[in-house]
Amino acid sequence: MKTSVLSPAKVNLYLKVLSRRPDGYHNLQSIVDIISLSDIIHIEDIPGDEIILDDDKGILPKGEGNTVYRAVRMLKQATGVERGVRILIEKKIPVGSGLGGPSSNAAAVLKELCMRWDLDLSTQELNTIGGRIGADVPLFLNGKPCIMEGIGDIINPVKLPHMWYVIVYPNVSISTKAVYEGLRIVLTKEHNDIKLMGNFSNPGEIAGILENDLEQVAIKICPQIEIIKDILKGTKALGSLMSGSGSSVFAVFDNEEDARLASLSAINEMGTVFIAHSAQRGVH
Numbered sequence: 714m715k716t717s718v719l720s721p722a723k724v725n726l727y728l729k730v731l732s733r734r735p736d737g738y739h740n741l742q743s744i745v746d747i748i749s750l751s752d753i754i755h756i757e758d759i760p761g762d763e764i765i766l767d768d769d770k771g772i773l774p775k776g777e778g779n780t781v782y783r784a785v786r787m788l789k790q791a792t793g794v795e796r797g798v799r800i801l802i803e804k805k806i807p808v809g810s811g812l813g814g815p816s817s818n819a820a821a822v823l824k825e826l827c828m829r830w831d832l833d834l835s836t837q838e839l840n841t842i843g844g845r846i847g848a849d850v851p852l853f854l855n856g857k858p859c860i861m862e863g864i865g866d867i868i869n870p871v872k873l874p875h876m877w878y879v880i881v882y883p884n885v886s887i888s889t890k891a892v893y894e895g896l897r898i899v900l901t902k903e904h905n906d907i908k909l910m911g912n913f914s915n916p917g918e919i920a921g922i923l924e925n926d927l928e929q930v931a932i933k934i935c936p937q938i939e940i941i942k943d944i945l946k947g948t949k950a951l952g953s954l955m956s957g958s959g960s961s962v963f964a965v966f967d968n969e970e971d972a973r974l975a976s977l978s979a980i981n982e983m984g985t986v987f988i989a990h991s992a993q994r995g996v997h
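Numbering (our numbering), first residue to last: 714 to 997.
This is the structure:
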């Protein structure tokens, strides 16, 4: 049997790094929206117990270096399943963009294989497997707008308004590790936690909280980020921000028309441009 599932991207509307942990991870607070920009993952049962994984652009790592491969292996180990699977990923989400593609891919495959293989795993059991793959995997297993805390393992739902986004990827992949390493000096400064509201009623409220502690570090690696933000200021965007550890920059709009007009501006000279909207649904 063959199935195809969507694997959506995310944007971090707010990202505050609170502290560095002894294990090297960082405690953070983040407000996350799930958006319509998605990879498409095709899954097919095959004889034996082999994991065959590929992508349409030939750009993803193989074997243990791939989050999807690790997801399948860990799921099989945790459940004792001995079945083969062939997976093809159609990449739409740029690699190294801060939009969560690898974590979303892993979550999508975990959820689909649980259904396909009739596995009765609890949410906690699935999140435990996901957390071992990557800090953002539980976020995508949850699949809804949320407030994320800890290293990404504490997830609480949040109601967000429907928003339109113009996303610009400057065609530069940024290493998450490099960005966090550059944050060490910044972490000596005092941080004030955001007063996280339970709900946000309109895009204007979202524009008022846009903040990312990683942005200035990433700009030193990829100066195009700042240029893109400056260009977006000349559109009808309510605000703009780098997502995650970069390098993608998104702008928030309250309607599709303004977003589409902005996508036709000089921003096209700065990289690959996507138009997306709040999906408010997860991998499925």
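Glycine is no exception: its CB is placed at the ideal position from the N, C-alpha and C atoms.
- Leu-854 is positioned such that its CB atom lies closer than 9 Å to that of Ala-820.
- Counting the other CB atoms within 10 Å of its CB gives Asn-818 a total of 16 or more, which places it among the buried residues.
- Excluding the 5 residues flanking it on each side, Pro-760 has same chain C-beta neighbours closer than 8 Å at Gly-797, in chain order.
- Exposed is the label assigned to Asp-762, since fewer than 16 other Cβ atoms lie within 10 Å of its Cβ.
- In terms of CA proximity to Arg-733, Arg-897 leads the group Leu-832, Arg-897, Ala-784, Asn-968.
- Secondary-structure assignment with DSSP links Gln-742 through a beta bridge to Lys-729, Glu-862.
- Exclusion of the five residues before and after Asp-769 leaves Leu-801, Ile-802, Glu-803, Lys-804 as the residues of its chain whose Cβ lies within less than 8 Å of its Cβ.
- Closest in alpha carbon position to Gly-793, among Val-781, Tyr-878, Asp-833, is Asp-833.
- Bounds of the beta strand (DSSP E) holding Arg-799 are 797–803.
- The DSSP-derived three-state label of Ile-940 is helix.
- The beta carbon of Lys-942 is closer than 7 Å to those of Ser-953, Val-962 in its chain, skipping five residues each way along the sequence.
- Distance from the Cα of Leu-873 is smallest, within the candidate group Ala-722, Ile-764, Asp-746, for Asp-746.
- For Ala-979 against Phe-966, the beta-carbon gap comes to about 17 Å, at or over 8 Å, which does not count as contact.
- Secondary structure remark: continuous beta strand (DSSP E) runs of at least 3 residues inside the segment 842–893, in chain order: 859–863, 867–870, 877–882.
- Put simply, of Ser-888, Asn-740, Leu-823, Glu-894 the residue whose alpha carbon is nearest the alpha carbon of Leu-812 is Ser-888.
- DSSP, reduced to helix, strand and coil, places Asp-736 outside both helices and strands of the structure shown, so it counts as coil.
- Taken through DSSP and simplified to helix, strand or coil, Lys-775 comes out as coil.
- When DSSP states are grouped into helix, strand and coil, Gly-809 belongs to the coil group.
- When the five nearest sequence neighbours on each side are left out, the beta carbons in the same chain lying within less than 8 Å of the beta carbon of Arg-829 are those of Met-714, Thr-716, Ile-756, Asp-758, in order along the chain.
- C-alpha of Ala-972 to C-alpha of Pro-735: approximately 42 Å in a straight line.
- Looking from the CA of Gly-895, the closest CA among Val-885, His-739, Val-871 belongs to His-739.
- According to the DSSP secondary-structure assignment, Val-962 is paired through a beta bridge with Val-881, Met-955.
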